[in-house]
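Contents: one structure, followed by commentary.
Residue numbers (full-length UniProt numbering): 1 to 202.
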């Protein structure tokens, strides 16, 4: 019998979203100014990928630069094109321009079958309007439908606004989040990022 993760990732984009997330009317009632589309990485149009990458750079490049990871456009583009990466892309209903997106993978992490959230970003005009919470509801629903253990994500410690927001959605620091390190001089160095998670199964 095929393993769950491999079976799910063998589905085409349309098959996956049809089976695990009915987003045909996603956000239309709550946010009539938005339109939603779905894709897997290999089917994502280049101009859409470029717009999503530019949005990440706009909202997060400084956090990367302030960490040990550092910002790299080429590395981020490569990550965004990983074969199992899945996208929900939101566009402005009138202009068609990018309003925001969320990307995730159904994968293994530390022995668990999880939905790993990679990115969630919105243009300034769509921030703080509840769209992010709605998308988090959607991916949690997907995770439950697939039968996954939990949703996991990585957030920069310096992005206190995001950390607090995830906490309000009942995400907690994961057991596998890196611990502080004590340097030779006795100084305790906090990791620049936190791994957070939310269990989907009791």
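Even for Gly, the Cβ is constructed at its ideal location relative to N, Cα and C.
The model shown is predicted, which means the values in this text are computed figures rather than measured ones.
- Using a C-beta cut-off of 8 Å, the region 88-104 makes contact with the region 127-147, since at least three inter-stretch Cβ pairs fall below that distance.
- Scanning its chain for C-beta atoms nearer than 7 Å, with the 5 sequence neighbours on each side dropped, one finds around residue 64 the residues 70 and 71, in chain order.
- Taking 9 Å as the cut-off, the beta carbon of residue 21 is found closer than this to the beta carbon of residue 38.
- When the Cα atoms are used, residue 36 and residue 181 turn out to be separated by approximately 42 Å.
- Take residue 162, set aside five residues on each side of it, and the residues of its chain with a beta-carbon closer than 8 Å to its own are 155 and 156, in chain order.
- Residue 17 and residue 187 have their C-alpha atoms spaced approximately 48 Å apart.
- Rounded to the nearest angstrom, the gap between the Cα atoms of residue 202 and residue 141 is 15 Å.
- In the structure shown, residue 80 falls within a helical segment according to DSSP collapsed to helix, strand and coil.
- Less than 9 Å separates the beta-carbon of residue 113 from that of residue 147.
- Distance from the Cα of residue 196 is smallest, within the candidate group 190, 177 and 183, for 177.
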